[in-house]
Amino acid sequence: MLAVAEDSDLDRGTTSVAPGTERMCALTRQVLPVDQLIRFVVSPAGEVVPDVKRKLPGRGLWITGTRAAVAEAVKRNTFARGFKRELRVAADLADVTLRLLDRAALDALAVAGKAGQVVTGAAKVEEAIGRGKLVALIHAAEASPDGKRKLAAALRQAQAEEQREIMVIEAFAGEQLDLALNRPNVVHAALLAGPGAETFLSRARRCARFRTGN
Numbered sequence: 124m125l126a127v128a129e130d131s132d133l134d135r136g137t138t139s140v141a142p143g144t145e146r147m148c149a150l151t152r153q154v155l156p157v158d159q160l161i162r163f164v165v166s167p168a169g170e171v172v173p174d175v176k177r178k179l180p181g182r183g184l185w186i187t188g189t190r191a192a193v194a195e196a197v198k199r200n201t202f203a204r205g206f207k208r209e210l211r212v213a214a215d216l217a218d219v220t221l222r223l224l225d226r227a228a229l230d231a232l233a234v235a236g237k238a239g240q241v242v243t244g245a246a247k248v249e250e251a252i253g254r255g256k257l258v259a260l261i262h263a264a265e266a267s268p269d270g271k272r273k274l275a276a277a278l279r280q281a282q283a284e285e286q287r288e289i290m291v292i293e294a295f296a297g298e299q300l301d302l303a304l305n306r307p308n309v310v311h312a313a314l315l316a317g318p319g320a321e322t323f324l325s326r327a328r329r330c331a332r333f334r335t336g337n
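Under the numbering used here, residues 124 to 337 are what the sequence shown spells out, in order.
Now the structure itself:
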């Protein structure tokens, strides 16, 4: 990892955030890889804004990428201390951050779908599992237990044969999947290998970590 020392809790802008960089969480003071942190900046109106894609201009402050950590940072006034100024901090900043993380992941899923890296429908998903083509199995949050059970059995067999773990994602509602993939009634989907798929998986892992803390 490339650790970067800063004179304060703030970075020097997005150009200083190279792959493998580590930053210090302004709340816990723990140094972590940037993929385990959320960057925050201040808008021209003086409002703290989550920079989940690490692209917004200005100096940024980093908080451990969990809902609990962001909520605690709001409670402890960590942002005002880190930015050394009076700020507007939304009481529901943790919820706002999660919505933006979800949106970023779904944007990546949309790109993967347009690249032909997503198949939908239980039959096609089961076929993709059998052919060993998928890198993740996606269920709508409201998918029925029976539908998930049948695909889980096929997935267990595939994982045993291929000796690798395949990620299962159940965080997104069917309506969200419909919009991302521009298809109606998406309940089950298989994510196939490709650059777009890797971006989605990375962002989906950040969402899961933010929700669970793990």
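Cβ atoms here follow ideal geometry from the backbone N, Cα and C, with glycine treated the same way. Computed from a prediction, not measured in an experiment: that's the story for all the values here.
| Query | Result |
| --- | --- |
| When Gly-336, Trp-185, Thr-201 and Asp-269 are compared against Leu-155, the one with the closest alpha-carbon | Trp-185 |
| Limits of the unbroken beta strand (DSSP E) element including Pro-318 | Unbroken run through Pro-318 is the alpha helix (DSSP H), 318–335; no beta strand (DSSP E). |
| Counted within 10 angstroms of its Cβ, other Cβ atoms place Pro-173 as buried (16 or more) or exposed | buried |
| Rounded straight-line distance, which links the Cα of Gly-188 to that of Arg-329 | 8 Å |
| DSSP three-state assignment for Arg-146, whether helix, strand or coil | strand |
| Rounded C-alpha distance that separates Gln-299 from Leu-223 | 13 Å |
| For Val-291, the residue or residues it bridges with in DSSP | Leu-260 |
| Beta carbon proximity, Ile-161 to chain D, threshold 8 Å | Considering every chain present, this structure includes no chain D. It has just one protein chain. |
| Bridge partners - Thr-138, DSSP secondary structure assignment | For Thr-138, which the question treats as bridged, DSSP gives no partner whatsoever. |
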